[in-house]
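Report on one structure; see the data block that follows.
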Amino acid sequence: MSDVIKLTTPLSDADVEKLNIGDRVEITGIIYTGRDAAHKRLVELVKEGKELPFDIKGQIIYYVGPSPAPPGRPVGAAGPTTSYRMDPYAPVLIEAGLKGMVGKGARNQEVIEAMM
């Protein structure tokens, strides 16, 4: 088993360029969360030339949907959602500086090319 690569957000080009498929990574720092509605809004803001609610450069978005917090807990479960739902929006966000996405499932060819 390979060593774990330690990364801290925001990620640099050098951080991303050293990664290979199958690498194990440990991420420290802020990871933003959002699903398709949030991605749609972010892309609208980018296309309108407006400021995003956070600096997307070098950041990671975790594709996760919220679930209600059980009594006495601050948050509920936070499992990944299907990545392909974000495919219509990902290339624009990658072009705007997004460096990482966490989700499940395959990506379309346009997203794969945007990541290269």
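Counting in the numbering used here, the sequence shown runs from 902 upward without gaps. Virtual Cβ for every residue (Gly too), placed ideally from N, Cα, C.
Check: Check the C-beta distance from Thr-929 over to Thr-909 and give it rounded, since I have them as a contact under 8 angstroms.; Outcome: 5 angstroms
Check: Decide if Ile-957 is buried, meaning its Cβ has at least 16 other Cβ atoms within 10 Å, or exposed.; Outcome: buried
Check: Within the continuous alpha helix (DSSP H) that includes Met-1016, where are the two ends?; Outcome: 1010–1016
Check: Apart from the five residues just before and just after Phe-955, which ones in its own chain have a Cβ nearer than 8 angstroms to its Cβ?; Outcome: Tyr-933
Check: Specify the secondary structure class of Tyr-933 as computed by DSSP and reduced to three states.; Outcome: strand
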